[in-house]
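Chemist:
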Amino acid sequence: DGIRKNATAACDSAFASYVGIAYSKSVYTWTDIVPDSSSWPNGDRALRCVAYYSTNANPAGETLHSSIKGAAN
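Numbering (the working numbering) for the sequence shown: 61 to 133.
(1) Going by C-alpha distance, which of V87, G62, G130, F75 is nearest S110?
(2) Taking the beta strand (DSSP E) that T68 belongs to, which residues open and close that run?
(3) Evaluate S86 with the Cβ neighbour count: other Cβ atoms within 10 Å of its Cβ, from every protein chain shown; 16 or more gives buried, anything less gives exposed.
(4) How far does the beta strand (DSSP E) with T91 in it extend, from its first residue to its last?
(5) Please say whether W100 and C71 have beta carbons closer to each other than 8 Å?
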């Protein structure tokens, strides 16, 4: 639960640093992957932030052919 509470702020910050624009102003979105009750006992303590391009046609994410690093959109 502690990781989940900090995930939003951490992923928002990482997103802005990576993409070059605030999440709230970007066409891209992100989701987080946090340890759960099955991975925690195995030592998983990592927060992973995954950025992607969601559309109405493909809400799980469109295939991108280049990096969004520094895209600033």
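Virtual Cβ for every residue (Gly too), placed ideally from N, Cα, C.
Modeler: Concretely, from the data shown:
(1) For the sequence presented, residue 110 should be read as Val rather than Ser. When only C-alpha atoms are compared, the closest one is F75.
(2) T68 -> not in any beta strand (DSSP E); alpha helix (DSSP H) instead, spanning 62-79.
(3) buried
(4) 89-93
(5) no
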